[in-house]
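If you want the numbering used here, it's the 1-based position in the sequence shown plus 3.
Don't be surprised by glycine CBs; every beta carbon is placed ideally from N, CA and C.
Here's the structure we're looking at; comments come further down.
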Amino acid sequence: RGGALMWLFDDVFPAWAVTELGLTPLPGIVVDAAAADHALEQPENAIVGPLPDVVRLDSADGHAVLHRARGIDAQDGGDWTTVGQLRSSPRSWNETGELRGTVSRDPARGEHAGPVTVGVLLQRGEGGSGGRIAMIGGHHWLTNAQVGQAANLALATGLVRWLTDNRELVTAAVNDRLDVRWSAQTAGTLAALSM
C-alpha cells in the first residue's frame, strides 16, 4: 500500500480525512491582515510562509498566497505523521462572516487567531513508503490567475516533487517581473480589435 494524493478542498471536506488523518476543517475563509503588506487589496489572501522544508525548492524563499483558503485543525493522525504545514501569518484568522467592510475576529463564532493551518503534509511508513498526502484548504492558488503570484509555482512544484519523491523534477525559471507595460498605441489597437 502507498501512493500519493494531493487533495484541494473548498466547501466539501472528505469524511475519511477526519477519521483516518485526524483533520477537521475550520469554518469560514482565512483572512490575513498581512495581505496589505504585499499590496493585495483583498484580505481573503492568506500569506503562507516560510514553506515547509519538505516542499521548499532551493530558490523558494518567500511566501505563497492562498486566495480564499480554508483552515484545518490538525490532530494526531494515528499511522500518519505530519511532516509539514502551510500556515498563514499571525495576523490572520478564519472569518465566518461576510467579507465586506471592516472584518474582525469573533472567537464566539469559532474564529481562531492565526497563524491558521491551511495545508497539512502527511506521510506513513519509513520515508513515506506507506503513502503521502497533501491536504490543502483551497484550490484558487493553482488557477491560471494565481499560480504566478509570489511563491505559488514553487509551492506547487515542491508539492509534486515531495508527493512523487522525484528530486530530479525540472524547475522552470520564473520571471519575477510579470507586470505588463502598455503604450497608448497598444491600448488603442486592443480597443479597436475588441469592437
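A42 sits in coil when the DSSP states are folded into three classes, being neither helix nor strand. About 17 Å separates the beta carbon of Q88 from that of G65, a gap too long to meet the 8 Å contact definition. In the three-state scheme derived from DSSP, where H, G and I count as helix and E and B as strand, R164 is classed as helix. Rounded to whole angstroms, the separation of the alpha carbons of R170 and P28 is 31 Å. A154 sits close to A67, with the two beta carbons spaced by under 8 Å. P93 carries a coil assignment under DSSP once its states are collapsed to helix, strand and coil. Under a 10 Å Cβ-count criterion, D79 is classified as exposed, with fewer than 16 other Cβ atoms of the shown protein chains found around its own Cβ. When secondary structure is reduced to three states using DSSP, E101 falls in the coil class, being assigned neither helix nor strand. Taking L60 as the centre and dropping the five residues before and after it, the same chain places the C-beta of A157, T160, G161 and T174 closer than 7 Å to its C-beta, in chain order. By the Cβ test, the region 125-145 is in contact with the region 6-13, since at least three Cβ pairs between them sit closer than 8 Å. L102 is classed as exposed because its beta carbon has fewer than 16 other beta carbons within 10 Å across all chains shown. CA-CA distance, G6 to G52, rounds to 27 Å. Beta-carbon to beta-carbon, G74 and V119 are separated by about 4 Å, close enough to satisfy the 8 Å threshold.
Pairing L166 with R135, the inter-Cα distance amounts to about 6 Å.
In the DSSP annotation of this structure, the continuous segment of the beta strand (DSSP E) that includes T27 starts and ends at L26 to P28. Exclusion of the five residues before and after G128 leaves G5 and G134 as the residues of its chain whose Cβ lies within less than 8 Å of its Cβ.
Rounded to the nearest angstrom, the Cβ distance from P55 to L124 is 6 Å, consistent with a contact under 8 Å.
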